[in-house]
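K.L.:
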Amino acid sequence: MSLKEQLLSDMKESMKAKDTVRLETVRSVISAFKKQEIDTRKDLTEEEILTLVSREVKKRKEAATLYEQGNRPELKDKELQEMEILQSYLPEQVSEEDLRRRIQEVIAETGAEGMKDFGKIMKTLVPEFKGKADNAQIKELANEYLN
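Numbering of the sequence shown is given in the working numbering, commencing with residue 9 and proceeding in unit increments.
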């Protein structure tokens, strides 16, 4: 079952179960990918839908942080709950330990010796961990090893 079919199926199940939070969350993602399909005038691929879902997760994470700073715990909790629902559609995230190990391997393979070789490392790592790790996390850890 494709991710698109899974989302549509989960929307129906959420309606039947009267799970409003899940229903709203899934509807927002479906709405986002339908809008993008209309804008681009083509059906989205599985990879594009995954990218869209991870973008939505990132939005929820940022909103939760802002609500926490604004002392709005009830809204923060709602955003975190939605984020968890969305993360269930993403592939399993790679652990920081595995990511660190792979960064060290890539540095050894490419012979990187500083920030001037940062691009080489990112060029290898980003496609490899697409959807499995946040690019910001990859960048942060790569910087740590190159400095």
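For each residue, glycine too, the CB sits at the ideal point set by N, CA and C. Bear in mind that the values here come from a model prediction, so they are computed numbers and not experimental data.
Mapping the DSSP letters down to three states, classify Gln-44 as helix, strand or coil.
P.N.:
helix
K.L.:
On the three-state DSSP scale, how would you describe Asp-27?
P.N.:
coil
K.L.:
Evaluate Arg-49 with the Cβ neighbour count: other Cβ atoms within 10 Å of its Cβ, from every protein chain shown; 16 or more gives buried, anything less gives exposed.
P.N.:
exposed
K.L.:
Under three-state DSSP, which class holds Asp-142?
P.N.:
coil
K.L.:
Going along the chain, which residues of its own chain have a beta-carbon closer than 7 Å to the beta-carbon of Val-7, five neighbours each way excluded?
P.N.:
Residue 7 is absent from the model: the chain starts at 9 and stops at 155.
K.L.:
If you check the beta carbons only, do Lys-126 and Val-102 fall under 8 Å apart?
P.N.:
The sequence shown places Phe at residue 126, rather than the Lys named in the question. In this structure, Val-102 does not lie closer than 8 Å to Phe-126 by Cβ.
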